[in-house]
Amino acid sequence: MGHKGKSAQFALFSFLFFFLSLMSTWAYAQRVVDDDIASIKSLLSNRQFERAEKSAMLLLERALQQQNYPADELLGLGKTLKKASRFAVAKSMLTATLEQYTAQANLEKMSLTLLSLASVERHLANYAAAMAYAQRAMSLAHLERNEALKAKLNLEIGVIHQMQGDVESALSPLKDALGFFRVARDIQQTSATLVHIADTYRLLNETALSRTYYEDALTLLSTEDSNSILIGTIKIRIGNAQKEEGFFDNAVATISEGLNLLLAADNKKGVAEAQIALGETLIAMGNSSKGFALIQEAMAFAQSSANTVLIKQARLALAQALIDENNFEQALVYAREGTADARKEKDIRSQLTFLSLQLSAYVSLNEFKKALDIQAVIQQLRELLLNSQNKSAIEGLQAEIELVRQSTAFEQLKESKQLALAQAERENLSTTLFWSLTLAGILSLFLIWSRYRQRQETVLLAREVKQQTLALQQKNDELKRAYSVLEEVSLRDRLTGLYNRHYLESHLPGELRRSQFAAKQNTNNKTNNSDLLCLLIDIDFFKRINDDYGHIAGDEVLAGFAKILKDAFRQTDLIIRWGGEEFLVVCRQSNREDLPKLAERCREMVASTPFDIGLTSPIYITCSIGFSLLPPNHMEDFEVLWEQTFEVIDYALYATKLSGRNGWVGVIEIHDEISVHQTPLDAKFKFPGSRIATSFNNVASIKWPEIHEE
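Spelled out as structure tokens, the structure:
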């Protein structure tokens with residue numbers, strides 16, 4: 034062998050040696066990671082949380098020093114830490130995992146990690162971050178067309194809104210999640226969604242209705258070998274409902290059943306929740322010492338794990354119990370802490386709850402000045418909550434969810450009847466076969482008779498199945514018709530009969546796409562009737578009407594105002610009650626040059642129409658209008674487009690009010706080139722220039738908000 038051949042052979046042996054060494058090192062590193070993870074899980078199981086967290090952070094630091102660290106193992110450990118309520122460490126683990134999956138462009142694993150991060154941030158009460166992670170995951174789920182992941186994300190988004198007390202925003206995604214899981218026959222997720230819907234109803238103080246949903250979830254889980262943690266959680270919720278209804282003995286029994294299941298499953302968060310519920314019930318029954326001990330134990334775990342939801346529950350339970358024990362000073366400590374945290378989380382409902390406890394304590398301490406101050410804050414928050422929630426929309430969503438829930442029960446009924454028929458047929462066949470074999474040797478006549486009876490019963494069973502199938506189909510048709518009716522009701526404002534925001538949100542994106550497509554086809558023809566025009570209309574001094582004549586008169590004015598808008602605009606235009614005394618009109622297939630004419634016609638019709646509110650003579654009102662082309666400039670993204678358009682018309686409406694009301698200000702179009710004479714509106718929205726129209730003397734006479742405020 035020549036010198037070159039020996040060199041090649043040596044190079045080959047060197048490469049093989051290097052490769053085997055690398056594989057050996059990787060295998061050793063993998064074994065070390067697996068051993069570390071097993072050790073951390075053991076520490077968590079033995080409730081050695083501090084050691085487990087230190088070991089997890091050490092493992093993470095070592096992993097980050099590698100170029101390609103084991104993301105799958107870190108994801109699993111992050112989920113384990115989350116399950117053990119070690120949320121801060123779980124967040125670090127999952128964040129590192131997300132970076133690795135992002136580098137690998139692994140979209141599926143990125144989505145799952147984002148979902149876990151959303152859940153962790155929710156438990157830490159970082160609701161904005163939680164929503165951001167959930168929305169990022171939803172974008173990936175849409176990209177991957179992963180309907181199952183979309184449903185799980187809808188469930189998470191609903192819970193995030195629910196944790197903040199936003200009932201309307203919570204019910205919509207929860208309804209979508211429930212619909213998917215029901216069709217997919219995913220009993221675990223269907224039950225979990227029903228539980229969160231029930232939790233949301235509890236925010237509305239609908240205890241009986243929430244209990245119905247809890248019991249439905251429990252019934253579903255009883256049909257298969259199910260998650261003992263979820264069953265235990267549901268039993269605690271049902272026990273809480275029993276406690277609130279005054280059935281304390283039943284509550285203790287139900288909560289204890291749930292506690293035992295959660296202890297067996299080593300679910301520490303669930304155990305703490307059960308301890309709080311059981312502690313509250315025992316205190317209500319007079320066993321204060323044991324009740325306080327249970328709640329204090331749960332509070333210690335909640336604080337060690339930074340679980341804000343548990344901390345809030347424990348504070349609320351302790352504050353209420355201390356007030357019942359006449360320990361008002363200590364109750365105030367917990368109530369103030371709870372109020373401060375709820376204010377940080379922007380949770381109005383929790384603020385009201387803790388402030389009510391403060392009010393009770395101050396009254397009992399005869400500190401009436403502080404009590405009056407607290408009462409004033411409570412009144413402001415109640416008005417804010419009342420204005421923020423759309424009662425008709427919530428009722429519509431409740432009706433839609435009830436339809437989905439009933440259809441789930443309906444499917445169970447259908448299956449149970451079919452199973453009963455099949456079981457009856459099997460039993461008859463078994464009976465027939467038994468007697469046939471037994472009597473075959475005695476008398477053939479009995480065998481023939483048995484077969485005859487079998488055929489007759491089969492015919493009868495088939496007929497019954499057909500009849501029941503027809504009946505079930507009729508019920509299905511009735512449910513579909515009822516759903517259509519409820520959907521229509523949920524999209525309309527009850528008082529005025531106009532459409533509401535939900536209708537606009539579902540129809541506006543399609544209208545914008547059609548308008549933009551038509552505009553692209555007619556770039557040189559601005560007179561083409563393909564524009565979308567948007568007008569925001571506000572009744573002037575409406576509060577005075579309510580104050581002077583009462584809310585019934587105010588409702589009469591709103592209903593009459595809606596009729597005027599229907600007369601002033603076309604049937605094809607979208608007329609929306611935006612909220613309170615504000616109305617939004619979107620004119621489809623229109624010309625932007627018609628905006629001043631449309632606004633003036635509306636203003637004049639309102640000003641000249643008498644309103645009969647039951648007095649000896651009618652009253653007259655005026656309105657202010659802000660308008661714009663929709664969109665005002667060239668944009669493609671719908672969310673940005675609609676947000677900016679609304680800000681423009683709202684700004685124009687404000688300018689109308691500052692300029693004297695009973696008029697209109699608006700944008701007809703935005704210039705492509707920078708204008709020498711820019712208006713405050715151009716400066717605010719960074720427009721090159723714009724063509725403004727107004728019913729006042731001229732553009733110079735408009736009092737713009739920023740200038741006026743200065």
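Numbering of the sequence shown is given in the working numbering, commencing with residue 34 and proceeding in unit increments. Beta carbons are placed, not taken as given, at the ideal position from N, Cα and C, and that holds for glycine.
Nearest-angstrom beta carbon gap, residue j and residue i [assumed within contact, 8 Å]
{"i": "Ala688", "j": "Pro629", "result": "So it is not a contact: roughly 15 Å between Cβ atoms."}
{"i": "Phe213", "j": "Leu157", "result": "With 8 Å as the limit, Phe213 and Leu157 do not qualify as a contact, their Cβ atoms being about 27 Å apart."}
{"i": "Ile570", "j": "Ile658", "result": "5 Å"}
{"i": "Arg244", "j": "Ile271", "result": "6 Å"}
{"i": "Leu385", "j": "Ile356", "result": "Contact doesn't hold; Cβ gap of about 16 Å is too wide."}
{"i": "Leu211", "j": "Leu236", "result": "Contact doesn't hold; Cβ gap of about 17 Å is too wide."}
{"i": "Tyr166", "j": "Leu147", "result": "5 Å"}
{"i": "Thr240", "j": "Glu278", "result": "6 Å"}
{"i": "Leu390", "j": "Ala368", "result": "4 Å"}
Cβ neighbours of residue i in the same chain (closer than 8 Å, five flanking residues each side left out)
{"i": "Gln408", "result": "Leu392"}
{"i": "Leu414", "result": "Ile381, Gln384, Leu385 and Leu388"}
{"i": "Leu417", "result": "Ile381"}
{"i": "Asp715", "result": "Ser708, Pro721, Gly722 and Ser723"}
{"i": "Tyr3", "result": "Because the chain in this structure spans residues 34 to 743, residue 3 falls outside the shown range and cannot be described."}
Classification of residue i by the beta-carbon crowding that lies within 10 angstroms, buried from 16 upward
{"i": "Gln336", "result": "exposed"}
{"i": "Gln137", "result": "exposed"}
{"i": "Ser449", "result": "Caution is warranted here: a pLDDT of 46 is assigned to Ser449, below 50, making its placement in the model unreliable, and the coordinate value is therefore given only provisionally. Result: exposed."}
{"i": "Leu541", "result": "buried"}
{"i": "Arg348", "result": "buried"}
{"i": "Thr223", "result": "buried"}
{"i": "Ser650", "result": "exposed"}
{"i": "Val122", "result": "buried"}
{"i": "Pro643", "result": "exposed"}
{"i": "Glu189", "result": "buried"}
{"i": "Ala151", "result": "buried"}
{"i": "Gln168", "result": "exposed"}
{"i": "Asp705", "result": "exposed"}
Reduced DSSP secondary structure (H/G/I, E/B, other) of residue i
{"i": "Glu239", "result": "coil"}
{"i": "Thr655", "result": "coil"}
{"i": "Leu452", "result": "Note on Leu452: pLDDT 43, under 50, position unreliable in the model; the coordinate value appears next. Three-state result, Leu452: helix."}
{"i": "Phe729", "result": "coil"}
{"i": "Val200", "result": "helix"}
{"i": "Ser708", "result": "coil"}
{"i": "Asp627", "result": "helix"}
{"i": "Ser563", "result": "coil"}
{"i": "Gly612", "result": "strand"}
{"i": "Gln133", "result": "helix"}
{"i": "Asp571", "result": "strand"}
{"i": "Phe213", "result": "helix"}
{"i": "Arg80", "result": "coil"}
{"i": "Arg534", "result": "helix"}
{"i": "Phe644", "result": "strand"}
{"i": "Leu186", "result": "helix"}
{"i": "Gln622", "result": "strand"}
{"i": "Ser75", "result": "helix"}
{"i": "Phe660", "result": "strand"}
{"i": "Leu607", "result": "strand"}
{"i": "Ser734", "result": "helix"}
{"i": "Arg119", "result": "coil"}
{"i": "Arg724", "result": "strand"}
{"i": "Arg525", "result": "strand"}
Proximal residues to residue i (C-beta, below 7 Å), its chain only, five neighbours per side dropped
{"i": "Ile262", "result": "Leu295, Ala298, Asn300 and Gly303"}
{"i": "Ala174", "result": "Ser144, Leu182, Lys183 and Leu186"}
{"i": "Ala350", "result": "Ile309, Gly312, Glu313 and Ile328"}
{"i": "Arg694", "result": "Asp573, Thr655 and Ser657"}
{"i": "Asp105", "result": "none"}
{"i": "Ile578", "result": "Ala586, Gly587 and Val590"}
{"i": "Ser118", "result": "Lys301, Lys302, Ser338 and Asn340"}
Beta-carbon contacts of residue i that lie in its chain and below 6 Å, excluding the five residues immediately before and after
{"i": "Thr605", "result": "Arg621"}
{"i": "Gly291", "result": "Gly265, Lys268, Ile269 and Ala307"}
{"i": "Ser322", "result": "none"}
{"i": "Phe401", "result": "none"}
{"i": "Ala71", "result": "none"}
Continuous alpha helix (DSSP H) assignments of at least 4 residues falling wholly in the segment 663–702: 671–691
Whole runs of the alpha helix (DSSP H) within the segment 320–406, excluding any shorter than 4 residues: 321–338, 341–357, 361–377 and 381–397
Completely contained beta strand (DSSP E) runs for the segment 225–297, where each covers 3 or more residues: none
Beta strand (DSSP E) runs contained entirely in the segment 139–184, provided each spans 3 or more residues: none
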